[in-house]
Structure formats: C-alpha cells, structure tokens
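The opening residue of the sequence shown carries number -4 in my numbering; numbering runs sequentially from there. Think of the CB as a built atom: it goes at the ideal place given N, C-alpha and C, for glycine as much as any other residue.
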Amino acid sequence: MGGSGSNDSEWKLTDEEGRALSGRWWRWALSAPERRSPVSDTTGEHAGWKQPDDLWFLAGTYGGRVVRRCAVPAGRPLFFPVLNMQHNRFYAKTPQSMCVLKATAALNGVDLPLREYTAQFRTSWLTRRFSWGLWAGIAPLQPGEYVLEIKAKAHDGFWVDTTYHLQVAPA
C-alpha cells in the first residue's frame, strides 16, 4: 500500500475554501445524468465524470454499503463527503443538517480529520441551494494503491459504509 501511515495525507483547508469546495462538489455531483452518476455508481466506473483540473472529487452515496475501485491522477488533492445533504431554498430558508451518531474516514487505516461545512451554491442562476455536510480532504497522494474507508450513521437511520480502492498513477 502507498502512503506513510501518518497524517501527511491531510489537506488543510480554510473554512472559506471548504465551503466553496462543498458547493463545487454538489454542482459536480448533480451535473451527471443518472446513468453516469458517480453518486449512484456502485463500482467506481463513473468516478471520472467531468472531474475538475485542480482536484479530484470522490462521490458520496445514497446510503448503504458500496465498494468502488478507481484510478486517481497523482498531483491532485481529493475532496469528498462523509455525510452530506442539500436542499433548495423553497424547502427551507436556512441550511438544514443531519443529527450525526458516527462519522469516520480513514486512509490506509489512518483516521482523517472531518470538517463541517454549510454553504450556498447555485445549480443555475435562478436556483439557489443550501448544503450541509461532514467533509474530508486528502493532499495529493504518491503513486500507489490506497484504501479509503468512509463510515457514517445519522440519527434517522441513514448510514453509509463506503470503501474506495484507489490506484494513483504517476503524473
């Protein structure tokens, strides 16, 4: 396995950067048609859907157990949700959140720090949406193989158990 087993993989983001990235992530996730959606993908086949040039998004899930395998380019940080939600302003005028019982992310067995971000984003110039989530970022990884485990449970019974097998190719 790649990596040193330390927290060298942590990507330190400011609150402003994290809020902006969470909005970008949602625009990315919502842009895919259902048949190519990285979020509904159960294998990792669609992980590369319209990835930005400056980082790599990993998709969340609609809940339950998912195992994905994907190639990730070296030299790009990774950004992903552990538990998140979004809604339009007609649903509620302020961002809603989930009552979290448990949330963890670990890269090769080393826990990653999670950050809570609440943000506004637009899916079009008319549609303003709110998002809430627990997120993690990983600094660019050295070429090699990595296992990312994401586990979370909300008070309402919603849960995720996602394993990513990441192959980082040389740039």
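- The beta carbon of R110 sits closer than 6 angstroms to those of G13 and W130, all from its chain and outside the five residues before and after it, given in chain order.
- Following the DSSP letters along the chain, one finds S126 inside the beta strand (DSSP E) bounded by residues R123 to I133.
- In terms of Cβ geometry, G139 and V163 form a close pair [threshold 8 angstroms].
- Per the DSSP secondary-structure output, H82 pairs in a beta bridge with F125.
- The secondary-structure analysis by DSSP pairs C65 across a beta bridge with L161.
- For H41, same chain residues with a beta-carbon under 6 angstroms away, outside a window of 5 residues either side, are R31 and P33 in chain order.
- Our two residues, G152 and C94, have alpha carbons roughly 10 angstroms apart in a direct line.
- According to DSSP, E12 shares a beta bridge with no other residue.
- Judged by DSSP in its simplified three-state form, L25 adopts helix.
- Beta-carbon to beta-carbon, T38 and R64 are separated by about 7 angstroms, close enough to satisfy the 8 angstroms threshold.
- Annotated three-state conformation of R71 is coil, per DSSP.
- By alpha-carbon distance to V61, the top candidate from P68, R22, D156 and H160 is D156.
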